[in-house]
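*Asks:*
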Amino acid sequence: MNDTTEIVELIRRSREEGNFNILTDAIPYMKFLGIETSLTDGVVTTTMRFDQKLVGNVHLPALHGGTVGALLETAAIVQLAHDLDTAHLPKTIGITVEYMRSGRPLDLHAKAVVTKRGRRVANMRAEAWNDDPSKPVATAHGHFLLT
Amino acid sequence: MTDHALLERVQAYRMMPENRSPHAAAMGTEIVDMDKFEATIKLPFSDHLVGNPENGVVHGGVITTALDSACGLASIASLDKPSAIATLDLRIDYLKPATHGLDIYAWANCYKMTRNIIFLRGVAYHEDRDDPIANCVATFMLTPDAPQPVLPE
Chain G
0 MNDTTEIVEL IRRSREEGNF NILTDAIPYM KFLGIETSLT DGVVTTTMRF DQKLVGNVHL
60 PALHGGTVGA LLETAAIVQL AHDLDTAHLP KTIGITVEYM RSGRPLDLHA KAVVTKRGRR
120 VANMRAEAWN DDPSKPVATA HGHFLLT
Chain Y
0 MTDHALLERV QAYRMMPENR SPHAAAMGTE IVDMDKFEAT IKLPFSDHLV GNPENGVVHG
60 GVITTALDSA CGLASIASLD KPSAIATLDL RIDYLKPATH GLDIYAWANC YKMTRNIIFL
120 RGVAYHEDRD DPIANCVATF MLTPDAPQPV LPE
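Residue numbers (numbering that gives the first Met the number 0), protein chains in the order written: chain G, 0 to 146; chain Y, 0 to 152.
1. For Asp-67/Y, collect the residues of the same chain with a Cβ closer than 7 Å to its Cβ; drop the 5 residues on either side in sequence, then sort them by chain order.
2. With distances taken between CB atoms, is the gap from Tyr-28/G to His-58/Y smaller than 8 Å?
3. Tell me, please, whether the CB atom of Pro-43/Y is closer than 8 Å to any CB atom in chain G?
4. At a CB-CB cut-off below 8 Å, which residues of chain G make contact with Ala-85/Y?
5. On the criterion of 16 or more Cβ atoms from any shown chain inside 10 Å, does Gly-50/Y qualify as buried, or is it exposed?
6. Applying the 10 Å Cβ sphere with the 16-neighbour rule, what's the burial state of Glu-37/Y?
7. Run down chain Y in chain order and give the residues with a C-beta less than 9 Å from the C-beta of His-87/G.
8. To the nearest angstrom, how far is the alpha carbon of Met-0/G from that of Glu-126/Y?
9. Residues of the region 86 to 98 of chain Y with a CB closer than 7 Å to any CB of chain G: list them in chain order, please.
10. Give, in chain order, every unbroken run of the alpha helix (DSSP H) that is at least 4 residues long and sits entirely within the region 7 to 67 of chain Y.
11. Since Gly-121/Y and Phe-44/Y are thought to touch, with beta carbons under 8 Å apart, how far apart are those beta carbons, to the nearest angstrom?
12. Quick one: what does DSSP say Leu-59/G is sitting in, helix, strand or coil?
13. Out of Arg-8/Y, Leu-6/Y and Leu-42/Y, which has the shortest C-alpha to C-alpha gap to Tyr-104/Y?
14. Taking the continuous beta strand (DSSP E) assigned at Arg-90/Y, which residues delimit it?
15. Terminal residues of the continuous beta strand (DSSP E) containing Phe-118/Y?
16. Compute the distance between the beta-carbons of Ala-74/G and Ala-109/G, then report whether it is under 8 Å.
17. Assess contact between the region 15 to 27 of chain Y and the region 86 to 106 of chain G, defined as three or more Cβ pairs (one per stretch) separated by less than 8 Å. Is contact present?
18. Candidates Leu-145/G, Asn-129/G and Thr-3/G: which alpha carbon is nearest Val-67/G's?
19. Please report how far the alpha carbon of Val-9/Y lies from the alpha carbon of Ile-132/Y, in whole angstroms.
20. If you count every other CB in all the chains shown that lies within 10 Å of the CB of Val-61/Y, and 16 or more means buried, which is it?
21. In terms of DSSP beta bridges, what is His-142/G paired with?
22. By how many angstroms is the C-alpha of Thr-45/G removed from the C-alpha of Thr-23/G?
23. Output, in chain order, the set of chain Y residues within a Cβ distance shorter than 7 Å of Thr-3/G.
24. List the residues of chain Y that Pro-104/G touches, going by C-beta distances under 8 Å, in chain order.
25. Near Gly-27/Y, what residues of its chain come up, given a Cβ to Cβ distance below 6 Å and the 5 sequence neighbours on each side ignored?
26. Counting along the chain, where does the beta strand (DSSP E) carrying Val-113/G start and finish?
27. Of the choices Leu-78/Y, Asp-92/Y, Glu-17/Y and Asp-2/Y, whose alpha-carbon is the least far from that of Ile-117/Y?
28. Which chain G residues sit within Cβ distance under 8 Å of Asn-115/Y?
29. Please confirm if Gly-17/G has its CB atom under 8 Å from at least one CB of chain Y.
30. State buried or exposed for Glu-7/Y, treating a residue as buried only when at least 16 other CB atoms are found within 10 Å of its CB.
31. Identify whether Met-0/G lies in helix, strand or coil by the three-state DSSP scheme.
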C-alpha cells in the first residue's frame, strides 16, 4: 500500500479549503467510525456519528471505550493536520485516555488543542462529550511525532 | 495456562444475543484465552481498520479498542464475585507500527486488585508477545451498582 502522494495532497487541500472531511473521508478507519469534522475559527470539531455498531455494552447502553479513545486520538490528529505545515499525518507516540462517564448512544464530539509544539513532537489535549461540553465523557493527552 | 471453564463461560455469555457487544461483532473480536487475572483477545485484520493510507498501518484507535477489551476481560477474570466494571483510564505507548494485513492480539493481566480498583497492564502484538506493537497500563473500577447483568457464577 503506498498512497503517500495522495495523502500529502489531501492534507494540503483540506488546509486550503478549510474542510478536513477531505482528509478524514480518505482514511478507512475514520470512515468506519463515522467521523465528520467542522472547522470554526481555527478549531476543528470532530464528531463520531452514532451507529449501533459503536456500542460496546448493550445493557447500559454505552459506546465502546475503544471508540471513544479512537475519536480523541482522531481529533488530535486532525487538529494537528490543521495547525501544522507538515506534509504527512502525525504518528501517535502515546496517548492516555481518562474516562469520566459512559458515552451515551448519541453523536460524540471532540476538540483537541496543541499544548506544546516542538520540532519533532507535539503534545496534545483532547476532550469528548455527547451533548454538553461541560460534562465530558472522556479526556486524553498524547504526544505525536511530526513528519 | 488456560482456565478452560472460565474461557467457555465468558465466551458463552458474550455470544448470547442479549449480551453480544455490537462493536465486538463489527470488529470481529474473539476471546482466545483466559486464566485467573488475565485474558487474550484477537482482532482480525481488515482494510477498514487502516488509519494511515500512506503506509497501511491500522489506526491507533484500533489498538486502543483491543487493549481496552483485553483489560476489561482480564478484570472479569480477576473478580472473586461477579460485578460490573468500568474503565477509569488507559495509557498506551505505541512501540512500533502494526504490520498491514496481520491480525492483532491483545493480552492483559491484573497485577493488583483492591476493593474498588483493578490495576492492569497489557500489550498488543501480532505473533510474539515479547515483540509488542503497543504497551498499556490501565485502571478499572468495580461498579456493583451499575444497572447491568454480570457474568453468572
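Yeah, the Cβ is synthetic: ideal placement off N, Cα and C, and Gly gets one too.
*Replies:* Considering the structure as presented:
1. Thr-86 and Leu-89
2. yes
3. no
4. Tyr-98 and Ser-101
5. buried
6. buried
7. Asn-51 and Glu-53
8. Because the pLDDT at Met-0/G is just 44, under 50, the model does not fix this residue reliably, and the value given afterwards should be weighed accordingly. Distance between the alpha carbons of Met-0/G and Glu-126/Y: 21 Å.
9. Thr-86, Leu-87, Asp-88, Leu-89, Arg-90, Ile-91, Asp-92 and Tyr-93
10. Taking only runs of at least 4 residues, the alpha helix (DSSP H) segments lying wholly in the region 7 to 67 of chain Y are 21 to 26.
11. Gly-121/Y to Phe-44/Y, Cβ: 19 Å. No contact.
12. coil
13. Leu-42/Y
14. DSSP places Arg-90/Y in the uninterrupted beta strand (DSSP E) bounded by 84 to 93.
15. 116 to 124
16. The answer is yes: Cβ separation under 8 Å.
17. no
18. Asn-129/G
19. 26 Å
20. buried
21. Gly-93/G and Asn-122/G
22. 10 Å
23. Glu-53
24. Residues of chain Y passing the Cβ test: none, with the nearest at roughly 10 Å.
25. Annotation for Gly-27/Y: Pro-43 place their beta carbon closer than 6 Å to its own, counting only its chain and skipping 5 residues before and after.
26. 107 to 116
27. Selected option, being the one with the closest Cα: Leu-78/Y.
28. Under the 8 Å cutoff, chain G gives no residues; its nearest Cβ is about 15 Å from Asn-115/Y.
29. For Gly-17/G, no CB of chain Y lies under 8 Å from its own CB, so it is not counted at the interface with that chain.
30. exposed
31. Since pLDDT at Met-0/G reaches only 44, below the 50 mark, its modelled position is unreliable, and the value read off the structure follows with that caveat. The answer is coil: DSSP assigns Met-0/G none of H, G, I, E or B.
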